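Step one of this worksheet: look at the structure below.
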Amino acid sequence: RVLILDFGSQVTQLIARRVRESGVYCEIWPYSVDPQRIADFAPRAIILSGGPASVTEGSSPRAPEIVFKLDVPVLGICYGQQTMMAQLGGEVQSSDHREFGRAFVDVIDECALTQGVWAKGAREQVWMSHGDRVTRLAPGFRVVGVSEGAPFAVTADDHRRFYGVQFHPEVVHTPHGAQLLRNFTHGIAGCSGDWTMASFRQAAVARIRREVGTGRVICGLSGGVDSSVAAVLIHEAIGDQLSCIFVDHGLMRQGEAEEVVATFRDRFNIRLVHRDASDTFLDALAGVTDPEQKRKTIGRLFVEVFEEEQAKLGGAEFLAQGTLYPDVIESVSVTGGPSVTIKSHHNVGGLPEGMRMRLLEPLRELFKDEVRALGRELGLPEAIVGRHPFPGPGLAIRIPGEVTREKVALLRKVDAIFLEEIRSAGLYDAIWQGFAVLLPVRTVGVMGDGRTYDHACALRAVTSTDGMTADVYPFDMGFLMRVANRIVNEVRGINRVTYDITSKPPGTIEWE
Ligand code: XMP
Numbered sequence: 004r005v006l007i008l009d010f011g012s013q014v015t016q017l018i019a020r021r022v023r024e025s026g027v028y029c030e031i032w033p034y035s036v037d038p039q040r041i042a043d044f045a046p047r048a049i050i051l052s053g054g055p056a057s058v059t060e061g062s063s064p065r066a067p068e069i070v071f072k073l074d075v076p077v078l079g080i081c082y083g084q085q086t087m088m089a090q091l092g093g094e095v096q097s098s099d100h101r102e103f104g105r106a107f108v109d110v111i112d113e114c115a116l117t118q119g120v121w122a123k124g125a126r127e128q129v130w131m132s133h134g135d136r137v138t139r140l141a142p143g144f145r146v147v148g149v150s151e152g153a154p155f156a157v158t159a160d161d162h163r164r165f166y167g168v169q170f171h172p173e174v175v176h177t178p179h180g181a182q183l184l185r186n187f188t189h190g191i192a193g194c195s196g197d198w199t200m201a202s203f204r205q206a207a208v209a210r211i212r213r214e215v216g217t218g219r220v221i222c223g224l225s226g227g228v229d230s231s232v233a234a235v236l237i238h239e240a241i242g243d244q245l246s247c248i249f250v251d252h253g254l255m256r257q258g259e260a261e262e263v264v265a266t267f268r269d270r271f272n273i274r275l276v277h278r279d280a281s282d283t284f285l286d287a288l289a290g291v292t293d294p295e296q297k298r299k300t301i302g303r304l305f306v307e308v309f310e311e312e313q314a315k316l317g318g319a320e321f322l323a324q325g326t327l328y329p330d331v332i333e334s335v336s337v338t339g340g341p342s343v344t345i346k347s348h349h350n351v352g353g354l355p356e357g358m359r360m361r362l363l364e365p366l367r368e369l370f371k372d373e374v375r376a377l378g379r380e381l382g383l384p385e386a387i388v389g390r391h392p393f394p395g396p397g398l399a400i401r402i403p404g405e406v407t408r409e410k411v412a413l414l415r416k417v418d419a420i421f422l423e424e425i426r427s428a429g430l431y432d433a434i435w436q437g438f439a440v441l442l443p444v445r446t447v448g449v450m451g452d453g454r455t456y457d458h459a460c461a462l463r464a465v466t467s468t469d470g471m472t473a474d475v476y477p478f479d480m481g482f483l484m485r486v487a488n489r490i491v492n493e494v495r496g497i498n499r500v501t502y503d504i505t506s507k508p509p510g511t512i513e514w515e
């Protein structure tokens, strides 16, 4: 396994993605981690990430000295290379010639990192993002590649197996970057690359059995990918020691609640409590119009209902959650800027406060698409595994203004038509999230010979990689017109359809 020490780069997670894609398990830790933990982890190799700080400032982060003393290969990327050079006796300077974006490296020599990927004499495209640069090599290093802005774009000390690159091999804009990383983990560090979802599944099952013993586990199911995969994995490990609770808040999309029950109870034979609490939630939402108030109301009720059902089951020692790796990685704040809460993302399935249970989080090491791969490996249907993200508070935050039963029913129909059309056009997987919003305005229309005065709705579809930023999906006009036509004809109560063309930022993905 490989250790990635994070210096705060925006793209550190991509290093882990590339390493894992090559079949090598890795973890990301902050650079400031206790050196003893690094020794205990016993990595086969260490990668130092990029970061926003400047090595030329005395107080900027440094790699723990132990990194260079474990006799394992080290790869420094961008800031990682700079701090490695500075720490091992080289020199780094700020430069006027900054490089951002696409750049080219002239390969002037050979080394184990570039072997079989970049030939000596070639000019290779890379992605750079740096102001500082290495200006004097540390003893033992030689230069392998140069770029206009970085005289030491690729450096190597084959004897100690220390390598440095000024560019970012982890991003897709460096076309052969993944192969360079593979050279490092497989060729130089000798990792075997046998980490697959099948091996993860086996190891995870064994670990769950060890951890749980004869204890009982309760898992909140939401119909989303993460809790579904967690439940099926845990069920494979401990069978009926697992009970799932599905708190149905009545704010799911059309047919989804039924699908959850059919999949888990009937198909996987998982013990499942389906609590239809839609009246409780919808009654409590009466008169609530503020988005945050909606989230708080739903979050509070969810915990209450969940605890009730859990008590009926007679309690359990463990609470299972589908926590993913991005939530676990300790974030590095090198610049220390304050962060603001845009929305208080309430995750249905969150740990009720004060609940005295141990957490079981079998997906803690996985990224989202790895969870999907594991779900497929476990035989979960594509409809669940490939599902678009859906917010915990459900349709409530897609109905600006007060949420009523009638509005929920209306929105469900609109949403179902939009998704059906997206699917049959083969676009579902190209879209990160596609959904409809029921607008709190009525507009005048004409249908047949009569005047209508009905609701307007908005359609929204975005592309994204992590939900942090998003782009509008560019449907062709014919598609949108077809969807709009169907909606107005088939959903009584809607007479106008709009398409939301706001990116994030400045908009958010949801309307509330
Ligand atoms: P925004 O609207 O903030 O959404 O751009 C980013 C992602 O988060 C989802 N989202 C939520 N998920 N509880 C959730 O579990 C929430 O309260 C919530 N609000 C937004 C949204 O669907 C998108 O995937």
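All the letters of the sequence shown, read from the start, carry residue numbers 4 to 515 under UniProt numbering.
For glycine and all other residues, C-beta sits at the position ideal for the given N, C-alpha and C.
Keep in mind that this is a model prediction, so the values were computed, not measured.
_Among T15, G104 and P329, nearest to E151 - alpha-carbon criterion_ = Of the listed residues, the one whose Cα sits closest to E151 is G104.
*alpha helix (DSSP H) containing F438: first to last residue?*
No alpha helix (DSSP H) contains F438, which is instead part of the beta strand (DSSP E) from Q436 to M450.
*Would you grab the beta carbon distance between R213 and A319 for me? Rounded to a whole angstrom, and I think it's under 8 angstroms.*
Their Cβ separation, rounded to whole angstroms, is 17 angstroms, which puts R213 and A319 out of contact at 8 angstroms.
*Only counting runs of 3 or more residues, tell me where the beta strand (DSSP E) segments fall wholly within the stretch 221-299, in order along the chain.*
At a cut-off of 3 residues, the continuous stretches assigned as beta strand (DSSP E) that sit fully inside the stretch 221-299 are 245-251 and 274-279.
*Note down, one range per segment and in chain order, each beta strand (DSSP E) of at least 3 residues found wholly within the stretch 18-54.*
Correct list: 29-33 and 48-51.
*Heavy atom of ligand 1 less than 7 angstroms from the Cβ of T217, yes or no?*
Not so, every heavy atom of ligand 1 lies at least 7 angstroms from the Cβ.
*Roughly how many angstroms lie between the CA atoms of A192 and C222, to the nearest whole one?*
So the alpha carbons of these two residues sit roughly 39 angstroms apart.
_Across the stretch 445-452 and the stretch 480-487, are there enough close Cβ pairs to call them in contact, namely three or more that are closer than 8 angstroms?_
As far as the Cβ criterion goes, the stretch 445-452 does not touch the stretch 480-487, which means the pair count is below three.
*For the stretch 387-396 and the stretch 426-439, state whether three or more C-beta atom pairs, one from each stretch, are separated by less than 8 angstroms.*
As far as the Cβ criterion goes, the stretch 387-396 touches the stretch 426-439, which means the pair count is three or higher.
*Per DSSP, what kind of secondary structure is E151 in: helix, strand or coil?*
E151 falls in the coil class under three-state DSSP.
*Please determine if the stretch 199-218 and the stretch 171-182 are in contact, where contact requires at least 3 C-beta pairs separated by less than 8 angstroms.*
No, because fewer than three Cβ pairs between the stretch 199-218 and the stretch 171-182 fall closer than 8 angstroms, the two stretches do not touch.
*Sort F478, C460 and T455 by Cα distance to T466 and report the nearest one.*
Minimum Cα distance to T466 is reached at F478.
*May I ask you to report which of helix, strand or coil DSSP gives A141?*
The answer is coil: DSSP assigns A141 none of H, G, I, E or B.
_Between V232, L462 and I50, which has its C-alpha nearest V22's C-alpha?_
Looking from the CA of V22, the closest CA among V232, L462 and I50 belongs to I50.
*When every heavy atom of ligand 1 is checked, does at least one fall within less than 7 angstroms of the C-beta of K299?*
Every heavy atom of ligand 1 is 7 angstroms or more from the Cβ of K299, so no.
*Which stretch, first to last residue, makes up the beta strand (DSSP E) that contains D109?*
Element bounds for D109: E94 to V110.
_Residues sharing a beta bridge with V500, DSSP_ = Bridge partners of V500: C460.
*Measure the alpha-carbon distance for H238 versus R126 and round it to whole angstroms.*
Distance between the alpha carbons of H238 and R126: 53 angstroms.
*State whether the stretch 84-94 contacts the stretch 108-119, with contact taken as three or more CB pairs (one from each stretch) at a distance under 8 angstroms.*
Contact between the stretch 84-94 and the stretch 108-119 is absent, with fewer than three C-beta pairs closer than 8 angstroms.
*List the DSSP bridge partners of H391.*
Partner(s): none; H391 has no beta bridge.
*Please check the pair G53 and F10, which I expect to be a contact at CB under 8 angstroms, by giving their CB distance rounded to whole angstroms.*
Yes, they are in contact, since the Cβ atoms of G53 and F10 sit about 6 angstroms apart, within 8 angstroms.
_Unbroken stretches of the alpha helix (DSSP H), 4 residues or longer, contained in the stretch 296-331_ = Entirely contained in the stretch 296-331, the alpha helix (DSSP H) runs reaching 4 residues are, in chain order, 328-331.
*Have a look at the DSSP bridge pairing and note the partners of R136.*
Beta-bridge pairing links R136 to Q96.
_Inter-residue spacing [alpha-carbon to alpha-carbon] between V228 and T468_ = C-alpha separation (whole angstroms): 16 angstroms.
*Those runs of the alpha helix (DSSP H) which lie wholly inside the stretch 362-406 and span at least 4 residues*: Qualifying alpha helix (DSSP H) stretches, in chain order: 371-380 and 385-388.
*Quick one: using the 10 Å Cβ neighbour count with 16 as the cut-off for buried, is V235 buried or exposed?*
V235 counts as buried, since no fewer than 16 other beta carbons sit within 10 angstroms of its beta carbon.
*Outcome for S202 when other beta-carbon atoms lying within 10 angstroms are tallied against a minimum of 16*: Burial state of S202 is exposed, judged by a 10 Å Cβ sphere holding fewer than 16 other Cβ atoms.
*Check whether the Cβ atoms of I490 and V406 lie closer than 8 angstroms to each other.*
In this structure, V406 does not lie closer than 8 angstroms to I490 by Cβ.
*Going by alpha carbons, who is nearest to K72 out of G61, C81, A48 and V95?*
For K72, the nearest C-alpha among the options comes from A48.
*asked:* Measuring alpha carbon to alpha carbon, tell me which residue in G124, D135 and I332 is nearest E102.
replied: For E102, the nearest C-alpha among the options comes from D135.
_So the candidates are G143, D243, L381 and R40; which of them puts its Cα closest to the Cα of L275?_
Nearest option by C-alpha distance: D243.
*For P365, count neighbouring Cβ atoms within 10 angstroms of its own Cβ and tell me buried if that reaches 16, exposed if not.*
It counts as buried.
_Within 8 angstroms, do at least three Cβ pairs link the stretch 372-382 to the stretch 394-403?_
Segments in contact, no.
*Given a cut-off of 8 angstroms, decide if D457 and I420 are closer than it, judged by their beta-carbon atoms.*
Contact flag unset, no.
*From S246 to Y476, what does the alpha carbon distance come to, in whole angstroms?*
Between S246 and Y476, the C-alpha separation is close to 39 angstroms.
*When you compare each of N492, L441 and V440 to G451 by their alpha carbons, which one comes out closest?*
Relative to G451, the option among N492, L441 and V440 whose CA is nearest is N492.
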